[in-house]
Amino acid sequence: MAALRTVLGIAVVGLLVWQLSNIGWREVISEMPKTPWFYVTVAVMYVTLPIFETGIYGTFFSAPRRALFSVFVRKKVLNSDLVGYSGDVFVLFWLKERLNLTEGKVLRFMVDNGITSSLGAFSATGILFGILLTTGSIRIGDFIGDNDPMLILGAILLAAVLIAVAYRFRRTIFSLSGKAVLGIYLAHFIRFMLNFAMQITQWWVVLPDMPFHVWGTMLAIVTISNRLPFVPARDLLAASLILGMPGVVESSGPAIAAMLTTRIVLDRILNLGLFVPLSLSDRKKSDTQST
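Each residue of the sequence shown is one higher than the one before, counting from 101 in our numbering.
If you want it as structure tokens, here you go:
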């Protein structure tokens, strides 16, 4: 599995480099976003997940919010740049050791949170695709071909069935109360919808004259790529798919390529710039408490 991930990662990076070379590195660099609002949205989107997870876990576990935020920033970095779910393992052991909790108690909560997060993602993605399809912002043929639109209906029905089954058997599936599960589900649903809105805003502030169907298609690609499990560098994969779709970038290819690569580079800088000092600070606090 590790070897396969490495090969996939190298392939994705190579594909993106090849596509950027075809566009022209000089053109891409010259088209880097100049509006400060782009960089504001990058920062907001970066901290959205850690903030929501801090709020959720802080409601059920007695831990300082600042410490939890530090943990979930590092979880985000590990999951995106190391191995999928490695960040979740880190959170499991951090909560167990720092709060003197049993592994079973923490794991049950994390499973409940993971299931409700997936349900929130299904719901938000279903609504997103419904809006994009009904407004003509994306074409079904771009993704599944023109001959079988029933696949979309089937996917929507499947999501509805999964949510209904989860609610019906909530006492069997979840260890938390129905009220707690509903609250976590709503938090994740709001988080996903906020991310969708922020992503469109991030692109729009750079290229406000671009037709909305371009943003809709790009958002659909990013959303699908982000839901792929165990795939390394999903942001690089999404960028490669966007730049490789005919008719999406058209004459604005350099600007879109610059926008996507700038976001990727900034995310990596934030990952490195936050992970190291937060880890050192956390270790220092741990050593102080143990002495």
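We treat Cβ as the ideally placed atom computed from N, Cα and C, and that holds for glycine.
Take every Cβ of the region 187–202, pair it with every Cβ of the region 275–287, and state whether three or more of those distances are shorter than 8 angstroms.
no
C-alpha distance - Gly236 paired with Phe229, whole-angstrom precision:
When rounded, the distance between both Cα atoms is 10 angstroms.
8 angstroms CB neighbourhood of Ala163 in its chain, flanking five on each side removed:
Tyr157, Leu195, Arg198 and Leu199
With the cut-off set at 8 angstroms, would you say Val306 and Met345 are in Cβ contact?
In terms of Cβ geometry, Val306 and Met345 do not form a close pair [threshold 8 angstroms].
Span separating the alpha-carbon of Leu372 from that of Asn295
22 angstroms
Reference Met298, options Phe190, Gly316 and Leu286, closest by Cα:
Gly316
Measuring alpha carbon to alpha carbon, tell me which residue in Phe312, His288, Leu178 and Leu378 is nearest Gly220.
His288
Hey, how far is the Cα of Trp303 from the Cα of Gly204?
Taking the straight line joining both Cα atoms gives about 43 angstroms.
Where does Met310 sit, in a helix, a strand or coil, going by DSSP?
coil
Could you tell me if Ala339 is buried or exposed, where buried requires 16 or more neighbouring beta carbons within 10 angstroms of its beta carbon?
buried
Could you tell me whether the Cβ atoms of Ile301 and Met132 are closer together than 8 angstroms?
A small fix is needed here, since residue 301 is Thr in this sequence, not Ile. Going by C-beta atoms, Thr301 is not nearer than 8 angstroms to Met132.
Determine contact between the region 365–385 and the region 165–184, defined as no fewer than three beta-carbon pairs at a distance below 8 angstroms.
Of all C-beta pairs linking the region 365–385 to the region 165–184, three or more are shorter than 8 angstroms, placing the two stretches in contact.
Out of curiosity, what's the CA-to-CA distance linking Ile215 and Gly353?
38 angstroms
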